[in-house]
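*Asks:* Have a look at this one before I ask anything.
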Amino acid sequence: MPASPPLTSTILIIDDDRDTRESLAEVLADHGFSTATAANGEEGIRMALDHRPRLVLLDLMMPVMSGWDVRPAMKRIPEVCDIPIVVLSGVDDVHHQVTYLDVDGYLRKPVDLKILVEVVRGYCR
24 MPASPPLTST
34 ILIIDDDRDT
44 RESLAEVLAD
54 HGFSTATAAN
64 GEEGIRMALD
74 HRPRLVLLDL
84 MMPVMSGWDV
94 RPAMKRIPEV
104 CDIPIVVLSG
114 VDDVHHQVTY
124 LDVDGYLRKP
134 VDLKILVEVV
144 RGYCR
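Just add 23 to wherever you are in the sequence shown, counting from 1, and you've got this note's numbering.
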């Protein structure tokens, strides 16, 4: 099996709320990050395959394909299984989510933008 292409410096934001996607993308762009966005999990997986992002910021509650389904689906796809995922959610049970989904981190909505930028920088070193 051929090796997956290297990760790019793009940050993929998967969230069904357009205002959230645009706000996060704008903040990250202001700090020098390239972003791509998707409105649901299916679109997000396609974007991950197309862009090979350095990091995925993933909402959980979305139509079509929820964030709860994105991580297990990505784990089954060799080209994207190694991409780190940080969940962005207003759901309370943080430890359960991170453990159950096997994600790399969790930020509670509304997201503290300063912390978001620090977390993203950590994955882009």
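All C-beta atoms in this analysis are idealised placements derived from N, C-alpha and C, irrespective of residue type, glycine included. All figures in this text were calculated on a predicted structure; none of them were measured in a lab.
How about Ile36 and Thr58: are their beta carbons less than 7 Å apart?
*Replies:* Result yes, Cβ atoms of Ile36 and Thr58 sit closer than 7 Å.
*Asks:* Going by beta-carbon coordinates alone, are Arg54 and Val140 separated by less than 7 Å?
*Replies:* A small fix is needed here, since residue 54 is His in this sequence, not Arg. Yes, these two residues count as a Cβ contact at 7 Å.
*Asks:* Determine whether the beta carbon atoms of Val126 and Ile108 lie at a separation below 7 Å.
*Replies:* Yes.
*Asks:* Any idea which residues DSSP pairs Asp82 with across the strands?
*Replies:* BP columns for Asp82 point to Leu111.
*Asks:* Using DSSP with H/G/I as helix, E/B as strand and the rest coil, what is Met24?
*Replies:* Any reading at Met24 must be qualified, since the residue scores a pLDDT of 43, below 50, and its modelled position is unreliable; the value itself is stated next. It is coil, neither helix nor strand.
*Asks:* For Leu111 and Leu81, which I take to be in contact (beta-carbon distance under 8 Å), what is that distance rounded to the nearest angstrom?
*Replies:* At roughly 7 Å, the Cβ-Cβ gap stays under 8 Å, so Leu111 and Leu81 are in contact.
*Asks:* Looking only at its chain, what residues have a beta carbon closer than 7 Å to the beta carbon of Ala71, apart from the 5 residues adjacent to it on each side?
*Replies:* For Ala71, where only same-chain residues beyond five positions count, the Cβ hits under 7 Å are Leu35, Val79, Met97, Val103 and Ile106.
*Asks:* Measure the alpha-carbon distance for Asn63 versus Glu45 and round it to whole angstroms.
*Replies:* Cα to Cα, the separation comes out at about 14 Å.
*Asks:* Quick one: what does DSSP say Gly55 is sitting in, helix, strand or coil?
*Replies:* The answer is coil: DSSP assigns Gly55 none of H, G, I, E or B.
*Asks:* Which same chain residues, not among the five before or five after Glu65, have their C-beta less than 6 Å away from its C-beta?
*Replies:* Counting only Cβ-Cβ distances below 6 Å, and skipping sequence neighbours, we find Val87 and Met88.
*Asks:* Quickly, what does DSSP pair Leu130 with across the bridge? List them, please.
*Replies:* Answer is Leu111, bridged to Leu130.
*Asks:* Considering only C-alpha positions, which residue in the set Trp91, Gly67, Ile138 and Thr33 is nearest to Phe56?
*Replies:* Nearest C-alpha to Phe56: Thr33.
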